[in-house]
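*Asks:* Pasting a structure here, questions to come.
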Amino acid sequence: MPGTLVMDSYPLANAESVVARARTGDPSALEALYRAFEAPVYNLARRICRTTEDAEDVLQETFFEVCRSIGRYREEGSLWGWVRSIAASKALMRLRRNKYRDTDELQDEVIGSRREDNALRMDLEAALERLSETARAVVWLHDVEGYT
2 MPGTLVMDSY
12 PLANAESVVA
22 RARTGDPSAL
32 EALYRAFEAP
42 VYNLARRICR
52 TTEDAEDVLQ
62 ETFFEVCRSI
72 GRYREEGSLW
82 GWVRSIAASK
92 ALMRLRRNKY
102 RDTDELQDEV
112 IGSRREDNAL
122 RMDLEAALER
132 LSETARAVVW
142 LHDVEGYT
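Mapping of the sequence shown onto the working numbering: residues 2 to 149, in sequence order.
Okay, structure coming up:
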């Protein structure tokens with residue numbers, strides 16, 4: 002589709018224009034960035050931090066940093082990769098701050114899954130639960146987000 006830059010499966014129409022306008026502080030451009038990446042940032046934060054409260058805080062901190070740092074974004078890599086690195090950094094910093102805080106169990110996020118998919122997901126979540134928070138974050142970032 003002309004005028005659409007696909008950033009690791011997260012399309013943003015006229016991305017170059019949106020980034021240029023965001024650099025000038027245009028509220029509609031900043032909102033477009035937020036809307037394009039809100040769900041994937043929240044999902045990444047939720048998996049790393051494991052509580053909705055922490056994930057919401059990471060989402061807010063991430064987009065505060067995106068707005069503050071958009072002028073430093075180099076268009077050499079994908080926009081999603083840049084946003085994702087900020088989100089991962091914010092989530093890992095929150096893990097370090099909350100190292101000794103008790104965490105809630107993961108809520109069931111998969112609705113309508115087939116029975117065997119649901120059982121496999123539960124086995125995976127149980128295995129992830131046995132890992133330390135840092136190890137769980139590393140597994141998630143490597144296996145799901147594609148970090149190396």
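Glycine included, each C-beta is placed from N, C-alpha and C at the ideal position.
Owing to the predicted nature of the structure, the values given are computational and were not obtained by experimental measurement.
How long is the line joining the alpha carbons of residue 130 and residue 89, rounded to whole angstroms?
*Replies:* 19 angstroms
*Asks:* Report the three-state DSSP secondary structure of residue 13 (helix, strand or coil).
*Replies:* strand
*Asks:* Compare the beta carbon distance of residue 80 and residue 16 with 8 angstroms and say whether it is the shorter of the two.
*Replies:* Cβ distance < 8 angstroms, so residue 80 and residue 16 count as in contact.
*Asks:* Please report the straight-line C-alpha distance between residue 53 and residue 25, rounded to a whole angstrom.
*Replies:* Between residue 53 and residue 25, the C-alpha separation is close to 32 angstroms.
*Asks:* Can you say whether residue 51 is buried or exposed, counting buried as having 16 or more other CB atoms within 10 angstroms of its CB?
*Replies:* buried
*Asks:* Going by C-alpha to C-alpha distance, which of 133, 137, 22 and 138 sits closest to residue 74?
*Replies:* 22
*Asks:* Buried or exposed for residue 64, please, with buried defined as at least 16 other CB atoms from any protein chain shown within 10 angstroms of its CB.
*Replies:* So residue 64 ends up on the buried side.
*Asks:* Assign residue 145 to buried or exposed, taking buried as 16 or more other Cβ atoms, counted over all protein chains shown, within 10 Å of its Cβ.
*Replies:* It is exposed - the Cβ of residue 145 has fewer than 16 other Cβ atoms within 10 Å.
*Asks:* Is residue 148 helix, strand or coil when you go by DSSP?
*Replies:* coil
*Asks:* Does DSSP put residue 55 in a helix, a strand or coil?
*Replies:* In the structure shown, residue 55 sits in a helix (DSSP, three-state: H, G or I).
*Asks:* Could you give the C-beta distance for residue 96 and residue 40, rounded to a whole number, given that I count them as a contact under 8 angstroms?
*Replies:* Rounded, the Cβ-Cβ distance is 21 angstroms, inconsistent with contact.
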